[in-house]
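Chains as they are written, first to last, in the numbering used here: chain U, 1 to 353; chain A, 354 to 635.
Virtual Cβ for every residue (Gly too), placed ideally from N, Cα, C.
All values derive from a computational prediction rather than experimental measurement.
Okay, structure first, notes after.
Next comes the structure, spelled out in C-alpha cells:
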C-alpha cells in the first residue's frame with residue numbers, strides 16, 4: 001500500500017469507524033462553530049473537516065484542566081492509585097497548528113530528567129488524525145510563526161479534503177494499521193487528485209498570508225522584544241487586559257499548572273493539579289505576610305510582558321521552538337480585545353497594517 | 354489502604370509522588386524557625402549541598418524547602434523551616450516520630466567541583482544560613498579540598514540567629530574565620546553590631562581565588578554583592594541561591610520561571626553573572 005490513498009465520503013466514514021479507540025475525540029460542527037468533542041457521546045455530531053480550526057485547543061486531551069496526580073493516606077502514598085490508567089484514544093480533525101503544539105508539549109513533558117507520567121501515558125495511547133485547513137479562521141496566522149495550514153509530519157494519519165472525497169496520508173505504522181482495515185475502500189490517488197491537494201494547500205497558505213499582512217516572527221523580532229521589554233510599549237496591552245487568563249487557558253502550548261492537596265475522604269487525601277496562568281496576580285507569589293515577600297511580577301504589565309516574551313523569546317531558548325503556533329485562539333478568547341498580532345506589529349514598529 | 358510504594362520497596366516512578374520520611378529530631382530554633390532531622394523510610398536521599406526538597410504535610414500540602422545538611426553528615430537530611438504559610442505553619446507541631454512526604458532532591462546545588470582549591474567566603478543572612486549551612490558543613494568536612502574559609506553570618510536580633518551552637522563551634526575552629534553580627538543587639542550580646550556588610554572590613558579577600566557564596570534576603574544580597582565586587586571578586590565567582598514559588602520542582606509547572614530558566618531545575622544556585630541577566634526587569 002502506498003503512503004497516500006484516496007477515499008470517498010463513504011470510505012472516510014469507514015476509515016473513522018476503523019479507528020477502534022475506546023474514546024474518539026473529533027472536531028465536529030456546533031452551532032457556534034467547530035469544536036472538539038467526545039464523538040461516542042454525541043453520535044449524531046457531524047465531523048468538521050472542511051471548517052476552520054475548532055475554537056478550543058486540543059490541550060485538554062493531553063493535560064486535562066484538572067486531574068488527580070497522587071493519592072495518599074496517613075500511612076503513605078498509594079502508588080498504584082497514583083498511576084494513570086489510560087484508555088486508547090483517537091483525536092480526529094487536529095490541525096497542523098495543534099500538532100506543532102503537541103511537539104512543544106512533548107518537549108516540556110517528555111524530555112529532560114523528569115518525564116510527566118500522565119502526559120506520557122496519554123500520548124502513548126493516542127492516535128493522531130490531522131486534517132488540512134481548507135478553510136481558514138480569520139484569526140489564523142500560522143505562517144507568521146513558521147507554520148503552515150497543513151501538516152507534513154507529527155500525525156499518524158493526515159486527511160486532505162478534496163472536492164469529491166479525501167486524500168489520506170499515512171504517517172506511522174499505527175496509522176497504517178487503521179488504513180489497512182479499509183484497504184478495499186481505498187484507491188491509489190490520481191495525478192489530478194494530488195494536483196488538487198497541492199492547489200488547495202497553496203490556496204490556504206495564500207489566505208493565511210493575506211490576513212497576516214507580512215507579519216513574521218523572526219530571530220530579529222525576538223531580539224527586538226528582548227530589547228523592548230523594559231519600555232512602556234507593553235502598557236497598552238496591560239491596560240486592556242482584564243486578567244481573566246482566558247488566553248492562557250485557550251492556548252494550546254500554555255502548560256503551567258498548580259498543585260494542591262485536598263481531603264478525598266476519611267483519612268484519604270489527593271494531590272490535584274489544575275491549569276494555572278502566569279497572567280494571574282497570585283501566580284508566583286511566595287508564602288509570607290503581605291509585603292514581606294515579593295511577588296516577582298507584581299504589575300499586570302510585567303505579567304503581560306512575561307507571557308508575550310515567553311511565547312516569542314524565552315521558549316526558543318528553552319525548547320528550541322516558539323511557544324506560539326499562530327492558531328489565533330487567544331484573539332477571540334480575549335475579553336479585552338487584545339490581538340496578539342497587533343501587539344507584535346506595534347512592537348516591531350510595523351504600522352503598515 | 355493498599356501496600357505503599359515504600360512497603361514494597363519499589364521506587365516511585367511519578368515525580369509528583371513523594372517518598373516517606375520519619376522525623377528523628379525536631380527543635381524550635383527561634384520563634385518562627387523549626388529544625389527537623391529526617392530519615393527516609395526507603396532508600397536514603399542522594400543529594401548535593403544547595404539542593405531542595407518538596408515537603409508534604411499530609412492533607413495540607415507541599416512546600417519547597419532547602420536542605421540545610423551536607424551529604425558528608427550521613428544519610429539523614431536536615432531542614433530548617435520558617436513558619437510563614439499553610440504547610441510550614443502546620444509543621445510547627447511536628448515532632449520526632451511524625452512522618453512527612455519528601456519529593457526530590459531538586460535543583461542544581463552548589464558547584465562544589467568548581468570551588469575546589471579556592472578560598473570560600475560565606476555571607477549568610479537570616480534564613481539564608483539554612484541553604485548556606487549545607488555547603489559550610491560540606492566545606493568544613495572536606496576542609497583540605499578548599500583554601501581559606503571565611504564565614505560571615507548575620508541576623509536581625511540575637512534570638513533570631515540560627516545554628517547558634519554550631520556557629521560557636523565554627524568560631525572556635527582554627528582553620529576557618531567566622532564572624533557574626535546582629536542589627537539590633539540585646540543586653541547580653543557581646544559580638545559585632547550592624548549590618549552584615551560591615552564585616553567585610555574585618556576580613557581579607559584574595560579576589561583572584563575567592564568564591565563568595567551570598568545567601569540572604571534581597572536587600573542583604575544586593576549590598577553584599579556590591580562589597581564582594583568592590584573587593585574584586587569576579588561576577589562568575591559570586592554565588593547565590595534564589596527563592597521562588599516552586600510547585601512541581603521538575604521544571605514543568607512554570608511557577609518559578611524567570612525569563613528562559615526554571616529556578617527549580619536550572620537553579621536555585623546561580624552566579625551573580627547569571628542573576629544579573631535574570632532580573633525581572635519586565
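Straight-line Cα distance separating residue j from residue i
{"i": "residue 452 (chain A)", "j": "residue 379 (chain A)", "result": "12 Å"}
{"i": "residue 85 (chain U)", "j": "residue 43 (chain U)", "result": "25 Å"}
{"i": "residue 80 (chain U)", "j": "residue 370 (chain A)", "result": "11 Å"}
{"i": "residue 568 (chain A)", "j": "residue 341 (chain U)", "result": "42 Å"}
{"i": "residue 395 (chain A)", "j": "residue 114 (chain U)", "result": "20 Å"}
{"i": "residue 442 (chain A)", "j": "residue 431 (chain A)", "result": "18 Å"}
{"i": "residue 205 (chain U)", "j": "residue 150 (chain U)", "result": "9 Å"}
{"i": "residue 8 (chain U)", "j": "residue 49 (chain U)", "result": "14 Å"}
{"i": "residue 544 (chain A)", "j": "residue 533 (chain A)", "result": "7 Å"}
{"i": "residue 68 (chain U)", "j": "residue 604 (chain A)", "result": "19 Å"}
{"i": "residue 264 (chain U)", "j": "residue 270 (chain U)", "result": "6 Å"}
{"i": "residue 575 (chain A)", "j": "residue 174 (chain U)", "result": "57 Å"}
{"i": "residue 481 (chain A)", "j": "residue 546 (chain A)", "result": "19 Å"}
{"i": "residue 139 (chain U)", "j": "residue 211 (chain U)", "result": "8 Å"}
{"i": "residue 374 (chain A)", "j": "residue 429 (chain A)", "result": "10 Å"}
{"i": "residue 350 (chain A)", "j": "residue 202 (chain U)", "result": "Nothing can be reported for residue 350 (chain A): it is not among the residues displayed for chain A, which extend from 354 to 635."}
{"i": "residue 25 (chain U)", "j": "residue 14 (chain U)", "result": "16 Å"}
C-beta contact flag for residue i and residue j at 8 Å
{"i": "residue 407 (chain A)", "j": "residue 607 (chain A)", "result": "no"}
{"i": "residue 423 (chain A)", "j": "residue 487 (chain A)", "result": "yes"}
{"i": "residue 304 (chain U)", "j": "residue 241 (chain U)", "result": "yes"}
{"i": "residue 18 (chain U)", "j": "residue 178 (chain U)", "result": "yes"}
{"i": "residue 537 (chain A)", "j": "residue 517 (chain A)", "result": "no"}
{"i": "residue 466 (chain A)", "j": "residue 620 (chain A)", "result": "no"}
{"i": "residue 103 (chain U)", "j": "residue 58 (chain U)", "result": "no"}
{"i": "residue 186 (chain U)", "j": "residue 62 (chain U)", "result": "no"}
{"i": "residue 387 (chain A)", "j": "residue 434 (chain A)", "result": "yes"}
{"i": "residue 142 (chain U)", "j": "residue 326 (chain U)", "result": "yes"}
{"i": "residue 354 (chain U)", "j": "residue 162 (chain U)", "result": "The requested residue 354 (chain U) is not part of the displayed model; chain U covers only 1 to 353."}
{"i": "residue 556 (chain A)", "j": "residue 485 (chain A)", "result": "no"}
{"i": "residue 259 (chain U)", "j": "residue 415 (chain A)", "result": "yes"}
{"i": "residue 224 (chain U)", "j": "residue 338 (chain U)", "result": "no"}
{"i": "residue 54 (chain U)", "j": "residue 90 (chain U)", "result": "no"}
{"i": "residue 592 (chain A)", "j": "residue 566 (chain A)", "result": "yes"}
{"i": "residue 437 (chain A)", "j": "residue 287 (chain U)", "result": "yes"}
{"i": "residue 87 (chain U)", "j": "residue 23 (chain U)", "result": "yes"}
Cβ neighbour criterion (16 or more within 10 Å) applied to residue i
{"i": "residue 579 (chain A)", "result": "exposed"}
{"i": "residue 95 (chain U)", "result": "buried"}
{"i": "residue 116 (chain U)", "result": "buried"}
{"i": "residue 541 (chain A)", "result": "exposed"}
{"i": "residue 74 (chain U)", "result": "exposed"}
{"i": "residue 198 (chain U)", "result": "exposed"}
{"i": "residue 629 (chain A)", "result": "exposed"}
{"i": "residue 191 (chain U)", "result": "exposed"}
{"i": "residue 404 (chain A)", "result": "buried"}
{"i": "residue 409 (chain A)", "result": "buried"}
{"i": "residue 239 (chain U)", "result": "exposed"}
{"i": "residue 189 (chain U)", "result": "buried"}
{"i": "residue 365 (chain A)", "result": "Low confidence applies here, because residue 365 (chain A) scores a pLDDT of 45, under 50, leaving its location unreliable; read the following figure in that light. Its Cβ being crowded by 16 or more others within 10 Å, residue 365 (chain A) is buried."}
9 Å Cβ cut-off: residues of chain D touching residue i
{"i": "residue 18 (chain U)", "result": "Among the protein chains of the structure shown, namely U and A, there is no chain D."}
Own chain residues within Cβ distance below 6 Å of residue i, not counting five before or after
{"i": "residue 254 (chain U)", "result": "248"}
{"i": "residue 169 (chain U)", "result": "4, 158"}
{"i": "residue 588 (chain A)", "result": "625, 626"}
{"i": "residue 324 (chain U)", "result": "145, 311"}
{"i": "residue 216 (chain U)", "result": "144"}
Own chain, CB closer than 7 Å to residue i, minus 5 neighbours either side, in chain order
{"i": "residue 334 (chain U)", "result": "246, 247"}
{"i": "residue 598 (chain A)", "result": "608, 609"}
{"i": "residue 494 (chain A)", "result": "423, 425"}
{"i": "residue 250 (chain U)", "result": "56, 57, 329, 330, 333"}
{"i": "residue 478 (chain A)", "result": "507, 549, 569, 570, 573"}
Close-in-space but distant-in-sequence residues of the same chain around residue i (CB under 8 Å, 5 per side omitted)
{"i": "residue 226 (chain U)", "result": "309, 313"}
{"i": "residue 469 (chain A)", "result": "498, 499"}
{"i": "residue 272 (chain U)", "result": "66, 67, 68, 69, 259, 260, 261, 262"}
*chain A contacts made by the segment 102-127 of chain U, where a contact means CB separation under 7 Å*: Residues passing the 7 Å Cβ filter: 108, 109, 112, 114, 116, 117.
*Taking Cβ-Cβ distances below 8 Å as the criterion, which residues of the segment 399-412 of chain A are in contact with chain U?*
409, 411, 412
*What residues in the segment 365-378 of chain A have a beta carbon less than 9 Å from any beta carbon of chain U?*
365, 366, 367, 368, 369, 370, 371, 372, 373
_Interface residues of the segment 55-85 of chain U facing chain A [CB-CB below 8 Å]_ = 69, 70, 72, 73, 74, 75, 76, 77, 78, 79, 80, 81, 82, 83
*Quick one, which residues of the segment 254-265 of chain U are near chain A if we go by CB-CB under 9 Å, in chain order?*
Correct list: 254, 255, 256, 257, 258, 259, 260, 261, 262, 263.
*Give the residues from the segment 296-310 of chain U that approach chain A closer than 8 Å (Cβ to any Cβ), ordered along the chain.*
296, 297, 302, 305, 306, 309, 310
*Residues within the segment 267-288 of chain U neighbouring chain A, beta-carbon criterion of under 8 Å*: 269, 271, 273, 276, 278, 283, 284, 285, 286, 287, 288
*Would you list, in chain order, the members of the segment 314-348 of chain U that have their beta-carbon closer than 7 Å to a beta-carbon of chain A?*
Hits within the stretch, in order: 314, 317, 318.
*Select from the segment 584-605 of chain A all residues with a C-beta closer than 8 Å to any C-beta belonging to chain U, and list them in chain order.*
596, 597, 598, 600, 601, 603, 604, 605
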